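Residue 1 is where the sequence shown starts when you use the working numbering, and the numbers rise one by one after that. Just so you know, even glycine gets a beta-carbon here, dropped at the ideal spot from N, CA and C. Because the structure is a prediction, the values reported are computed rather than measured.
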Amino acid sequence: MNYNINKKGYYGYFGGAFIPEMLYPNIAELRENYLKITNDSAFKKEFDELLKSYVGRPTPLFFAKRLSKKYNAKIYLKREDLCHTGAHKVNNTIGQIILAKRLGKNRIIAETGAGQHGVATATVCALMGVECVVYMGELDIKRQAPNVARMKMLGAAVSPVTSGSKTLKDATNEAIRDWINNPLDTHYIIGSVVGPHPYPDMVARFQSVISEEVKSQLKELEGRNYPDYLIACVGGGSNAAGLYYHYLNDVRVKMIAVEAAGKGIKSGKSAATSALGKEGIIHGSKTLLMQTADGQITEPYSISAGLDYPGVGPMHAHLFLTKRAEFISIADQEAMNWGLTLSQMEGIIPAIETAHAFAVLDIKKFKPDEIIVFNCSGRGDKDLETFINYFQL
């Protein structure tokens, strides 16, 4: 079985482009040009140079000695938290801003939940001198205040969204409305492997630098270029897509995707799409989606602003349906505890999103010779207030 996207923009049953008629010209323009542009040698040169000199790539693959000893396995952390802006998100925004400029777009819009994608978008817009508007749910603006300040410092306009649950889903809705109203001069930088084709594939390709580096780094460190396990948190799923990308069809490598169970899978306050989702359409893509019996989208919940999305990217829906990846749901409490544990065992304060992934160590047992790579997708600066309040620090 092939786990990559097909020519029609589907991963198995999932994907496609289910969009308003007003957006067809934009999506068609992207679909017709994104591979041609991104495969061009001049694009590749500019992208690679900025990843190196601006983002700080390659990011280290760090052997976590204390974790490895305690959990009796070889545990490595792919340090995406060391990227400029503090998370993996900038890999994608660098790629998309270069693409947008080559398409002649001079205005950028974006959505953000945890704020990391908003910061990464505002950053590349400042770098390139392009107007930037970031849509963000009112609730997320309150719980991610440091990132809101960073976006404003970088010159972006942050537009609060007061509809629905006032989180990521609603911010995405508003960004799509903006794009419908400004189709000619605006490019929408989607931050995850969601949305209509070609976005899931395009974002995954830009993030695939993560697994590309893991291959060469493991070869140097372990004498082989593949691990036994790849583990990452999944909301929409861009950091996981980047970690999995070059291993999708390598069945020697097991993949674990970690979703947010919130206050419990059956609590009514969760974002565990794999456990609760059914096939549906959200933001232009057919995927797994949390919804009521009559098809209304269920409001997601997670203590982490970046994981409370009611769906999952079509690549991940396909990996779940085919059982290529194992999906595990982790509650707020376990994730928060792991934020503290990783900080005190390895001196790395993770984003709350990232902390979800490490809770797998309390669930699964690994063998001493097994190589496990966690994607340390973001750092916890943005979440300090949540950690402070939760633990009464």
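Exercise. What does Val-134 pair with, by DSSP beta-bridge criteria?
Worked result: Ala-110 and Val-158
- Query: In three-state DSSP terms, what is Ser-285?
  - Reply: strand
Kindly list the residues whose CB is nearer than 8 Å to the CB of Gln-291, restricted to its own chain and excluding five residues on each side of it in sequence; keep chain order.
Gly-277, Lys-278, Gly-280, Ile-297, Thr-298 and Pro-310
Going by C-alpha distance, which of Glu-370, Phe-366, Ile-349 and Ile-371 is nearest Asp-383? Comparing Cα-Cα distances from Asp-383 to each of Glu-370, Phe-366, Ile-349 and Ile-371, the minimum goes to Ile-349.
**OP:** For Cys-125, name the three-state secondary structure that DSSP assigns.
**Re:** helix
Taking only the alpha-carbon atoms, compute the straight-line gap between Ile-130 and Gly-284 and give it to the nearest angstrom. It should be noted that the sequence gives Val, not Ile, for residue 130. If you take the alpha carbons of Val-130 and Gly-284, they lie about 26 Å apart.
Q.
Quick check on Met-290: does DSSP put it in helix, strand or coil?
A. Secondary structure of Met-290 (DSSP, three-state): coil.
Q. Since His-187 sits in a beta bridge, which residues does DSSP pair it with?
A. Ile-108
Please return the same chain residues whose Cβ sits closer than 6 Å to the Cβ of Gly-164, not counting the five positions on each side in sequence. Only Asp-170 meet the Cβ criterion.
task: Rounded to whole angstroms, what's the CA-CA distance from Phe-14 to Met-1? Just pull it up for me.
output: So the two alpha carbons sit approximately 15 Å from each other.
**Q.** Beta-carbon proximity of Ile-237 to His-316, cut-off 8 Å
**A.** The sequence given here has Gly at residue 237, not Ile. The beta carbons of Gly-237 and His-316 sit closer together than 8 Å.
**Message:** Could you compute how far the alpha carbon of Cys-132 sits from the alpha carbon of His-88?
**Reply:** 20 Å
_Taking only three categories from DSSP, how would you classify Tyr-76?_
strand
- Given a cut-off of 8 Å, decide if Tyr-247 and Leu-230 are closer than it, judged by their beta-carbon atoms. yes
Report all residues from its chain with a CB closer than 6 Å to the CB of Ala-355; omit the five preceding and five following residues, and keep chain order. Ala-335, Trp-338 and Gly-339
Under three-state DSSP, which class holds Tyr-229?
-> strand
| query | Roughly how many angstroms separate the alpha carbons of Met-136 and Ala-110, rounded to a whole number? | reply | Spanning the alpha carbons of Met-136 and Ala-110 requires a straight line of approximately 9 Å.
Notebook entry, point to check: Taking C-beta to C-beta, are Thr-386 and Arg-143 nearer than 8 Å?
Noted result: yes
Q | Run of the beta strand (DSSP E) containing Ala-331, from where it starts to where it stops | A | 325-331
- Task: Assuming Val-209 and Tyr-226 form a contact by the criterion Cβ under 8 Å, report the distance between their Cβ atoms to the nearest whole angstrom.
- Result: Between Tyr-226 and Val-209 the Cβ distance is about 17 Å, and since that is not below 8 Å, they are no contact.
| query | Secondary structure at Phe-14, three-state DSSP: helix, strand or coil? | reply | Correct three-state label for Phe-14: strand.
query: Cα separation between Ala-257 and Asn-389?
result: Computed Cα separation, rounded: 28 Å.
Quick one, which of Met-202, Ser-343 and Thr-273 has its alpha-carbon nearest Val-312's?
Thr-273
Gly-223 burial status per 10 Å Cβ neighbour count (16 or more: buried): exposed
4-residue-minimum alpha helix (DSSP H) runs that sit fully inside the stretch 350-378, ordered along the chain:
352-358
> In its own chain, which residues sit with a C-beta less than 6 Å from the C-beta of Ala-398, not counting the 5 before and 5 after it?
Replying inline: The chain is shown from 1 up to 393; residue 398 falls before or after that span and cannot be answered.
Next on the checklist: Run through the DSSP bridge pairs and tell me what Val-258 is partnered with.
Outcome noted: Cys-233 and Ile-328
Label Arg-177 either buried or exposed according to how many other C-beta atoms from any shown protein chain fall within 10 Å of its C-beta, with 16 as the threshold for buried.
exposed
To which residues does DSSP link Ile-297 through a beta bridge? Gln-291
#### Entry: 7 Å Cβ shell around Lys-101 - same chain, five flanking residues per side excluded
Met-128
### Message
At 4 residues or longer, what runs of the alpha helix (DSSP H) sit wholly inside the stretch 175-222?
### Response
199-207 and 209-222
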